[in-house]
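Numbering (the numbering used here), first residue to last: 300 to 691.
Read the structure below first, then the notes.
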């Protein structure tokens, strides 16, 4: 297999795991983003993933935000010494809103006389696109480094505007005020819960039951919205337990991962806080950690989230046959009785005709796998994967 590159290089550039077109085939990934959700979904689907969209938050329209207008007028009351720009999209939105209010020229003049501290390259690009000159950007692209940079200076009496990025920066702002600065908080865009919470609640259920393999987060407010929705339904502990064990929480950066980290959940993160890097990280991590590989009945199996690769051929499986296969794969070659298999079937052990349901799930599993001899029936005992071992 070769990478999609210039034909002259086609024999020289092997496909890496994270860019292979089937790297995420057989995996289901939840996407909670609102802004740029289609872009992230396309990046994942291009690598073979099944994507579940569940927007967690929505943005308050800037032109309708009285808080932003009030903060803009506060900036114009007197010269501003420093402006902290946290996001490119936020800064562009601020400039556009100011133009709609007829305040664009005055705001540009005030910002032009200030030190513009851009948190990262996107914020820096937005500053330059507005015809302004950025003063400094931290190497880590973090608000923490911006704060330390400012606190290393005498801030007494300085007027500092801090562009927020969807949620309050309480600790950041408090530290500057304690150092003597007059801080103007600029709520360039605010997050609110998405109006229709049913897709997010369904995704929470899928995480808890293990029906998805990972959830991709692109903002801390989206994480908080999911945790809040789970808490409202009494499911927060179950959700955190799922993220801490079998479901991958993938966050675009440390700020996004913060609410999970504070609750003891380790989130997978890319080296750079970019959507493409997030997709590549998932395409590398899931095949390495979310796959069970074994040989049964002389055939190579690679068990993924909702599919199994049999001798190199991807075969999607319905929930019940997949649940049976995963249970059998927990102890390859050992017999699993019908009672144990009944428990893992969708609907649980209390469903009617459970014995028949197990038999039907096994029949469908064998049919989907294709080659015979992978799943064996052990008379009066149960089923096992034909891996050359038995439990007497």
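Where is the CB? At the ideal position from N, CA and C, for every residue including glycine.
Remember, it's a predicted structure, so these values are computed and weren't measured experimentally.
Per DSSP, residue i is paired with what?
i	result
residue 491	357
residue 615	606
residue 273	With the chain running from 300 to 691 in the structure shown, residue 273 is simply not present.
residue 513	328, 547
residue 481	458
residue 439	BP columns for residue 439 are empty, so no partner.
residue 681	677
residue 384	417
residue 658	DSSP output for residue 658 lists no bridge partner at all.
residue 595	598
residue 349	327
residue 623	DSSP output for residue 623 lists no bridge partner at all.
residue 635	682
If residue i sits next to residue j, beta carbons under 8 angstroms apart, how far is it from one beta carbon to the other, in whole angstroms?
i	j	result
residue 379	residue 460	5 angstroms
residue 517	residue 664	Wrong, their Cβ atoms sit about 36 angstroms apart, outside the cutoff.
residue 425	residue 391	5 angstroms
residue 505	residue 389	That pair is no contact at about 31 angstroms.
residue 661	residue 623	6 angstroms
residue 328	residue 343	5 angstroms
residue 513	residue 547	4 angstroms
When you compare only the Cα positions, how much space is there between residue i and residue j?
i	j	result
residue 449	residue 438	15 angstroms
residue 393	residue 590	45 angstroms
residue 689	residue 676	Only weak support exists for where residue 689 lies, its pLDDT of 48 falling under 50; the value from the coordinates is given anyway. For residue 689 and residue 676, the distance between alpha carbons rounds to 12 angstroms.
residue 453	residue 475	10 angstroms
residue 385	residue 418	5 angstroms
residue 644	residue 579	33 angstroms
residue 650	residue 446	Below a pLDDT of 50, predicted positions are generally treated as unreliable, and residue 650, at 49, falls in that range; the measurement from the model is reported next regardless. Spanning the two alpha carbons is a distance of roughly 57 angstroms.
residue 532	residue 605	26 angstroms
residue 594	residue 540	31 angstroms
residue 364	residue 530	29 angstroms
residue 617	residue 562	33 angstroms
residue 311	residue 366	With a pLDDT of 30 at residue 311, under the threshold of 50, the modelled position of that residue is not reliable, and the figure given next carries that caveat. Using only the alpha carbons, I get a separation of about 56 angstroms.
residue 667	residue 584	26 angstroms
residue 478	residue 396	31 angstroms
residue 473	residue 483	11 angstroms
residue 402	residue 496	37 angstroms
residue 632	residue 682	9 angstroms
residue 429	residue 422	11 angstroms
residue 313	residue 470	Annotation note: pLDDT 37 at residue 313 (below 50); position unreliable, no value reported.
residue 679	residue 637	9 angstroms
residue 544	residue 537	11 angstroms
residue 528	residue 572	26 angstroms
residue 655	residue 487	58 angstroms
residue 522	residue 558	7 angstroms
residue 325	residue 564	25 angstroms
residue 628	residue 619	14 angstroms
residue 621	residue 574	30 angstroms
If you drop the 5 nearest sequence neighbours on each side, which residues of the same chain put their C-beta closer than 6 angstroms to that of residue i?
i	result
residue 582	317, 322, 323, 346
residue 550	516, 556, 566, 568
residue 404	none
residue 672	596, 685
residue 464	385, 386, 389
residue 670	598
Cutting at 8 angstroms between CB atoms, please list the residues of its own chain near residue i, excluding the five before and the five after it.
i	result
residue 481	456, 457, 458, 459
residue 626	635, 639, 640, 643
residue 409	374, 375, 378, 379
residue 431	407, 410, 411, 415
Ordered along the chain, which non-local residues of its own chain (more than five positions away) have a Cβ less than 7 angstroms from that of residue i?
i	result
residue 560	566
residue 468	442, 461
residue 525	331, 355, 499, 503
residue 534	503, 507
Answer yes or no: the CB of residue i versus the heavy atoms of the ligand GTP, is any distance below 6 angstroms?
i	result
residue 558	What this structure holds is no ligand at all, so the ligand GTP is not there to describe.
Would the stretch 558-573 count as touching the stretch 327-334 if we require 3 or more Cβ pairs under 8 angstroms?
Using a Cβ-Cβ distance cut-off of 8 angstroms, the stretch 558-573 and the stretch 327-334 are not in contact, since fewer than three pairs of beta carbons, one from each stretch, lie closer than that value.
Stretch pair the stretch 348-362 + the stretch 482-493: three plus CB contacts closer than 8 angstroms:
Flag = yes, the stretch 348-362 and the stretch 482-493 touch.
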